[in-house]
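**Q**
Number of protein chains: 2
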Amino acid sequence: MLKRRSEGPPRPAVAEPSPEGADTNVTAHEAVYRALRERILFGGFLPGGSVTLRGLAEGLGVSPMPVRDAVRRLTAERALVMLDNRRVLVAPMTREKFDQILYARSALEGELAARALANIKKADIEEIVRIDDRVDQAMADGDVPGYMRANYEFHFSIYERARADVLVGLVESIWMQFGPFMRMAYGRFGTSKLEDHHEAAILAMRRADASALRAAISADIGQGMAFIGEGILSADAGDEEATSTAAHERSNHMK
Amino acid sequence: MLKRRSEGPPRPAVAEPSPEGADTNVTAHEAVYRALRERILFGGFLPGGSVTLRGLAEGLGVSPMPVRDAVRRLTAERALVMLDNRRVLVAPMTREKFDQILYARSALEGELAARALANIKKADIEEIVRIDDRVDQAMADGDVPGYMRANYEFHFSIYERARADVLVGLVESIWMQFGPFMRMAYGRFGTSKLEDHHEAAILAMRRADASALRAAISADIGQGMAFIGEGILSADAGDEEATSTAAHERSNHMK
DNA sequence: CGAAACTTATTGTGATCACAAATCGCGCGA
DNA sequence: TCGCGCGATTTGTGATCACAATAAGTTTCG
Numbered sequence: 000m001l002k003r004r005s006e007g008p009p010r011p012a013v014a015e016p017s018p019e020g021a022d023t024n025v026t027a028h029e030a031v032y033r034a035l036r037e038r039i040l041f042g043g044f045l046p047g048g049s050v051t052l053r054g055l056a057e058g059l060g061v062s063p064m065p066v067r068d069a070v071r072r073l074t075a076e077r078a079l080v081m082l083d084n085r086r087v088l089v090a091p092m093t094r095e096k097f098d099q100i101l102y103a104r105s106a107l108e109g110e111l112a113a114r115a116l117a118n119i120k121k122a123d124i125e126e127i128v129r130i131d132d133r134v135d136q137a138m139a140d141g142d143v144p145g146y147m148r149a150n151y152e153f154h155f156s157i158y159e160r161a162r163a164d165v166l167v168g169l170v171e172s173i174w175m176q177f178g179p180f181m182r183m184a185y186g187r188f189g190t191s192k193l194e195d196h197h198e199a200a201i202l203a204m205r206r207a208d209a210s211a212l213r214a215a216i217s218a219d220i221g222q223g224m225a226f227i228g229e230g231i232l233s234a235d236a237g238d239e240e241a242t243s244t245a246a247h248e249r250s251n252h253m254k
Numbered sequence: 000m001l002k003r004r005s006e007g008p009p010r011p012a013v014a015e016p017s018p019e020g021a022d023t024n025v026t027a028h029e030a031v032y033r034a035l036r037e038r039i040l041f042g043g044f045l046p047g048g049s050v051t052l053r054g055l056a057e058g059l060g061v062s063p064m065p066v067r068d069a070v071r072r073l074t075a076e077r078a079l080v081m082l083d084n085r086r087v088l089v090a091p092m093t094r095e096k097f098d099q100i101l102y103a104r105s106a107l108e109g110e111l112a113a114r115a116l117a118n119i120k121k122a123d124i125e126e127i128v129r130i131d132d133r134v135d136q137a138m139a140d141g142d143v144p145g146y147m148r149a150n151y152e153f154h155f156s157i158y159e160r161a162r163a164d165v166l167v168g169l170v171e172s173i174w175m176q177f178g179p180f181m182r183m184a185y186g187r188f189g190t191s192k193l194e195d196h197h198e199a200a201i202l203a204m205r206r207a208d209a210s211a212l213r214a215a216i217s218a219d220i221g222q223g224m225a226f227i228g229e230g231i232l233s234a235d236a237g238d239e240e241a242t243s244t245a246a247h248e249r250s251n252h253m254k
């Protein structure tokens, strides 16, 4: 319960001017948003798990106010959902949602990759290859959060070079909707069975072959989504319900 | 400056239990959000115009708090943008954004219409035809806001029948991004020059022809967007700038 | 023993205030 | 006349409190 009005440092506790001056000078709301976004994208939350403003605020060491803003924002991006009861929980997955996400990803990310191709130089390809190495490394180690992060960076390091912020924004919203679910799938089955379509994408970039790149990205999406999709959604298809934590909706506490 | 803590009615001033009990029993934040959303979609705001929390709050007769939530939400949906200066303004339009919107609309709305087809019965078609009559009426009257609203309802009355909330959510975000810009275009040139692709869409629905419906929607999007796009973006292509209000960014006051 | 009724705790919403940063306005001076 | 400070205003951010609604826990009665 540390007050800040008439004592202590005037700057918020999050994001000090630390070593690598990356996220310095951002609002508390922004810091909270990024923290929650990381958890959603890279396996920090379970789908369907409940979340409370005060709980998150305490876990992050901030007041409920910036958390409220961040949660509102994530709700608008469909990463969190708010029930009629005003209760907030991590977006659960349904078979219908999964199917729509699969289509949207193919349609948007394929286009994004194709548009990026013109702006990808040789040096960019080398950087992307380095990221892909981290994908392989995490896969070999069975490091699920590491794999999710590296895989995210691989895809978006390509997409962002399309300089198409509208499309990228749509895709980011989609990734946040299946992020928690993806982690659950990998957590059960591991990442070892994923065959690598990234190599084909890199090859297509080297050849500057747009349609091949589009096909590789599409294949990567299709295969990855099919893997995690059939694993989970057909498993408990009996009860026809949204795939959530199922274990009495355990609340997603901060670590 | 009317307080509400210890006097007056305990319920907010917005949304009384009026005649048609539609939006009763919603939070103030929700009411503000809907009001702002209407203005954005149907021509109440100019692209690039500035907006302030206190200004909107005063105009809507609520405190700044629910406005703050609504603006945060609309910012996440890319309908409003927040500059580094923390200034909020209605999303301006650029040639690049316009191009991306055109692609995303074709890819997503075509699919949405095709998916909806299976759930569209004869009674639904008659309802859609009635909406299209309002589109024609507004077009004949030169009623730009009325046309925008009827056109929106025409498209989304089809899309919502696909029962694909993820895809519809993406499309709604896109519509809010070009809504203010669309109004500006129609405001200059009027709606008379628009030829009607809705008839073809209705015919395709009557025939239950998915590919024809997809083609009709795609044509409607392409032609409509091309009309408003070439009208504005090529007009002031000289200064290479984002198309905003241009007139010293006049602030969007509430009416 | 079980279920309804009551009490207590939790949670999102809204209001109000303080604050810092940015912007605007005005005047001084060259 | 124009540029440059400097003070006043505006604006988003964050904190704190009150409140109503829901959920959870406890008691009591059949």
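Residue numbers (numbering that gives the first Met the number 0), protein chains in the order written: chain D, 0 to 254; chain L, 0 to 254. Backbone N, C-alpha and C define an ideal beta-carbon position, used for all residues, glycine too. Note that the coordinates shown come from a computational prediction; the quantities given were computed from them, not determined experimentally.
1) Quick check on this structure: which residue in Ala137(L), Ile157(L), Arg114(L) has the alpha carbon closest to the alpha carbon of Ala149(L)?
2) List the whole-angstrom C-beta distance separating Met147(D) from Met181(D), where the pair is believed to meet the contact cut-off of C-beta under 8 Å.
3) Are three or more beta carbon pairs between the segment 124-139 of chain L and the segment 101-109 of chain L nearer than 8 Å?
4) Give the secondary structure of Ser172(L) by DSSP, where H, G and I count as helix, E and B as strand, and everything else as coil.
5) Taking all protein chains shown into account, decide if Ala225(L) is buried (16 or more other Cβ within 10 angstroms of its Cβ) or exposed.
6) Is the Cβ-Cβ distance between Leu166(L) and Glu110(L) less than 8 Å?
7) I believe Pro63(L) touches His28(L) by the beta-carbon criterion, under 8 Å. Please report the beta-carbon distance rounded to the nearest angstrom.
8) For Met175(L), count neighbouring C-beta atoms within 10 Å of its own C-beta (all shown protein chains included) and say buried if the count is 16 or more, exposed if not.
9) Under 8 Å by Cβ, that's how I've got Pro46(L) and Pro144(L) pegged, so tell me the actual separation to the nearest angstrom.
10) If you measure between the beta carbons of Leu35(D) and Ala69(D), is that distance less than 8 Å?
11) Are the beta-carbon atoms belonging to Glu76(L) and Ser172(L) less than 8 Å from one another?
12) Is any heavy atom of the ligand NAD found at a distance shorter than 7 Å from the C-beta of Ser62(L)?
13) Which class does Leu255(L) belong to by DSSP, given the choice of helix, strand or coil?
14) DSSP state of Leu111(D), grouped into three classes?
15) DSSP state of Leu82(L), grouped into three classes?
16) Give the single residue among Arg86(D), Asn118(D), Ser49(D), Ala199(D) whose Cα lies nearest to the Cα of Asp131(D).
17) Do Phe153(L) and Val134(L) count as a contact pair if the criterion is CB distance below 8 Å?
18) In chain D, which residues lie with their C-beta within 8 Å of the C-beta of Ile100(L)?
19) List, in chain order, every chain L residue whose beta-carbon is nearer than 9 Å to that of Ala103(D).
20) Take the Cβ of Gly42(D) as the centre, count every other Cβ of all protein chains shown within 10 Å, and call the residue buried at 16 or more, exposed below.
21) My guess is that Gly212(L) and Ala113(L) are in contact by the Cβ rule of under 8 Å, so how many angstroms apart are they, rounded?
22) What are the start and end residues of the beta strand (DSSP E) that includes Leu88(D)?
23) Is Ala75(D) close to chain L? Criterion is C-beta to C-beta, closer than 8 Å.
24) Take Ala276(L) and list the residues in its own chain whose beta-carbon comes closer than 6 Å to its own, dropping the five residues that flank it on each side.
25) So if DSSP puts Ser49(D) in a beta bridge, which residue, or which two residues, is it bridged to?
26) With DSSP collapsed to three states, give me the class of Gly42(D).
27) Counting contacts by CB-CB distance shorter than 8 Å, is Gln176(L) in contact with chain D?
28) Applying a beta-carbon distance threshold of less than 9 Å, which residues of chain L neighbour Asp68(D)?
29) Would DSSP call Ala207(D) helix, strand or coil?
**A** Inspection of the coordinates gives the following:
1) Of the candidates Ala137(L), Ile157(L), Arg114(L), the one whose C-alpha sits nearest the C-alpha of Ala149(L) is Ala137(L).
2) Met147(D) to Met181(D), Cβ: 7 Å. Contact.
3) Contact between the segment 124-139 of chain L and the segment 101-109 of chain L is absent, because fewer than three Cβ pairs lie under 8 Å.
4) Looking at Ser172(L) - three-state DSSP - the assignment turns out to be helix.
5) Counting the other Cβ atoms within 10 Å of the Cβ of Ala225(L) gives fewer than 16, which makes it exposed.
6) Closer than 8 Å, so yes.
7) The Cβ separation is near 12 Å, so there is no contact.
8) Counting the other CB atoms within 10 Å of its CB gives Met175(L) a total of 16 or more, which places it among the buried residues.
9) About 15 Å; that fails the 8 Å criterion.
10) With contacts defined by Cβ atoms closer than 8 Å, Leu35(D) and Ala69(D) form a contacting pair.
11) Against a cut-off of 8 Å, the Cβ pair of Ser172(L) and Glu76(L) comes out as a contact.
12) This structure lacks the ligand NAD; in fact it carries no ligand of any kind.
13) Residue 255(L) falls outside the range modelled here, since chain L spans only 0 to 254, and no answer is possible.
14) When DSSP states are grouped into helix, strand and coil, Leu111(D) belongs to the helix group.
15) Coil, per DSSP.
16) Closest option to Asp131(D), Cα to Cα, is Ala199(D).
17) Taking a C-beta distance under 8 Å as the contact criterion, Val134(L) and Phe153(L) qualify as a contact pair.
18) Counting only Cβ-Cβ distances below 8 Å, Ile100(L) has contacts in chain D at Val165, in chain order.
19) Correct list: Ala106, Leu107, Glu110, Val165, Leu166, Leu169.
20) Answer is buried; the Cβ neighbour count reaches 16.
21) A quick correction: the sequence has Leu, not Gly, at residue 212(L). Right, their Cβ atoms sit about 6 Å apart.
22) In the DSSP assignment, Leu88(D) falls within the beta strand (DSSP E) that extends over 87-89.
23) It does: the Cβ of Ala75(D) has a partner Cβ on chain L nearer than 8 Å.
24) Outside the shown range of chain L, which is 0 to 254, sits residue 276(L), and nothing can be said about it.
25) Partner residues in the beta bridge of Ser49(D), as assigned by DSSP, are Leu88(D).
26) Coil.
27) Taking Cβ atoms only, chain D reaches closer than 8 Å to Gln176(L), which makes this a yes.
28) Neighbours of Asp68(D) in chain L, taken as residues at a C-beta separation under 9 Å, are given in chain order as Arg67, Asp68, Arg71.
29) If DSSP states are grouped into helix, strand and coil, Ala207(D) belongs with coil.
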